[in-house]
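Chains as they are written, first to last, in our numbering: chain C, 517 to 630; chain X, 301 to 406.
Okay, structure coming up:
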């Protein structure tokens, strides 16, 4: 079975541009979460989606947005990129919310803003 | 708001030795996770701890959870070089600690 897949794996953007990152969850998983990991730090929660609805949002500015599609894949959009947005963006999928749910992470998208 | 603190943040140990990584969290969390991350790689799930007193073991790693003390530990037994990585604990959904960078030296 395929794990969580993210695309692209690497991306270089210029300040002020917009970027879209994509995530396909494990088959059968209905929840997708997004995290930002700055070099040397732990991942920071950005969004959680379940059954195409936003179920949680971290402390990130409105420049960050996301959505989940009927096939449970997800996109993370970041507008007006800043140098500080350079990070590894991780997507995690899980079968459901709460309980003994385990999150499985994709390989990440490394975004560099220049 | 849940906060998760790990210590130590850096750990250098010799092969064959034992050590423990500590994870404290600030408010009630009904679950606690441990992940491993190799340089430039994603997060690999190690353990999910769901109840007070839970103990799980996999190879040389053993994790435990004390919900009353709001403390989880990751114990490393007879470390080997292959265990060198950064280890994260996380509570809730998902609030991560800063990670413990473990280096196992020959």
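Cβ coordinates follow ideal geometry from the N, Cα and C atoms, glycine included.
| query | result |
| --- | --- |
| Boundaries of the beta strand (DSSP E) in which residue 312/X is found, first to last residue | 310-314 |
| Buried versus exposed, by CB contacts within 10 Å (16 or more), residue 596/C | exposed |
| Span of the beta strand (DSSP E), counted from its first residue to its last, around residue 306/X | 304-307 |
| Extent of the continuous beta strand (DSSP E) to which residue 388/X belongs | 385-391 |
| Selection of the segment 608-627 of chain C by Cβ proximity to chain X, strictly under 7 Å | 616, 618, 619, 620, 621, 622, 623 and 624 |
| Residue 577/C to residue 589/C span [Cα, whole Å] | 23 Å |
| Residue of 383/X, 355/X and 379/X minimising C-alpha distance to residue 373/X | 355/X |
| Closest by C-alpha distance to residue 536/C, when choosing among 582/C, 610/C, 553/C and 568/C | 582/C |
| Bounding residues of the beta strand (DSSP E) (the contiguous stretch that carries residue 623/C) | It is not in any beta strand (DSSP E) - residue 623/C carries neither H nor E in the DSSP assignment. |
| Three-state class that DSSP yields for residue 600/C in the structure shown | helix |
| C-alpha distance - residue 369/X paired with residue 361/X, whole-angstrom precision | 21 Å |
| Pairwise C-alpha distance: residue 557/C and residue 466/X | Residue 466/X lies beyond the range of chain X shown here (301 to 406); nothing can be said about it. |
| Residue-level contact to chain X via CB, residue 559/C, 7 Å cutoff | yes |
| Status (buried if at least 16 other CB within 10 Å, exposed otherwise) for residue 532/C | exposed |
| Neighbourhood of residue 343/X by C-beta distance below 8 Å, restricted to the same chain and skipping five residues each side | 335, 336, 337 and 388 |
| Residue 548/C and residue 522/C closer than 7 Å at C-beta | no |
| Buried or exposed by the 16-neighbour rule on C-beta atoms within 10 Å, applied to residue 543/C | exposed |
| Residues of the segment 570-588 of chain C with Cβ closer than 8 Å to any Cβ of chain X, in chain order | 572 |
| Cβ neighbours of residue 563/C in the same chain (closer than 6 Å, five flanking residues each side left out) | 550, 573 and 582 |
| Interface residues of the segment 588-607 of chain C facing chain X [CB-CB below 9 Å] | 604 and 606 |
| Buried versus exposed call for residue 329/X [16 or more other C-beta atoms within 10 Å across all chains shown] | buried |
| Extent of the continuous beta strand (DSSP E) run through residue 587/C | No beta strand (DSSP E) contains residue 587/C, which DSSP labels as neither H nor E. |
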